[in-house]
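Notes for the one structure printed next.
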Amino acid sequence: MTEQLQHLQDFLTEAIPSVKDLRFQLTEVSDVCVRAQAPLIENSNHMGTAFGGSLYSILVLTCYSWLYSKIQPLGGHPQIVIQTGNIIYNKPVAKTISSVCFAPSEQVWSQFVKVLNKKMKGRLILEAFIEGDEGEELARLVGTFVVKK
């Protein structure tokens, strides 16, 4: 586990109580993406598949983690919240839950940072999805995140 990944995992576990309950665990943190996992057993419904609310929370946490990891080097103590989140459940999740959030385009990121530095507040749309065994998209979240410096 890299130092950056461990630092972010420790921060999330301390700052967001549901991280423990979900057993949300980061597996990769980079400029390109964040990947995470959570066990099915702690996040299952009465049908033995992943509970929709858990999937939503895991996807939000995955986006939040990517954004936090990118904002942290800019300095200060930014406040990050989700403003809106829309999720589509494509197929049931019946195994370990694997999520990924990929970085937006460099143009989108640069514009966000420019607005954030100018207005001390910015909005960014991020997407994350739950991956199946063959890389298929089992669920997708599109969320608008607000950052205040």
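Residue numbers (this note's numbering): 135 to 283. Ideal Cβ positions, reconstructed from N, Cα and C, are used throughout, including at glycine.
Three-state class that DSSP yields for residue i in the structure shown
i    : result
G219 : strand
S152 : helix
Assigned exposure category for residue i - 16 Cβ within 10 Å defines buried
i    : result
R169 : buried
L208 : exposed
G182 : exposed
F236 : exposed
S199 : buried
A149 : exposed
V166 : exposed
V242 : exposed
I175 : exposed
S191 : buried
I264 : buried
I222 : exposed
Within 8 Å, strictly: CB atoms of residue i and residue j
i    : j    : result
G266 : L275 : no
Q143 : L156 : no
K255 : G210 : no
N179 : I231 : no
V234 : T278 : no
A172 : F158 : yes
V215 : V280 : yes
S239 : Q138 : no
A262 : L189 : no
E217 : R257 : The residue you asked about is not Glu; residue 217 is Gln in the sequence shown. The answer is yes: Cβ separation under 8 Å.
L201 : L250 : no
Endpoints, the beta strand (DSSP E) within which residue i is located
i    : result
T161 : 159–163
Span of the alpha helix (DSSP H) around residue i
i    : result
V166 : Here V166 belongs to no alpha helix (DSSP H), and DSSP marks it neither H nor E.
G187 : 186–205
Open item on the list: So within the segment 236–280, which uninterrupted alpha helix (DSSP H) runs reach at least 4 residues, ignoring any that extend past its ends?
Closed with: Given a length threshold of 4 residues, each whole run of the alpha helix (DSSP H) inside the segment 236–280 is given here in chain order: 240–253.
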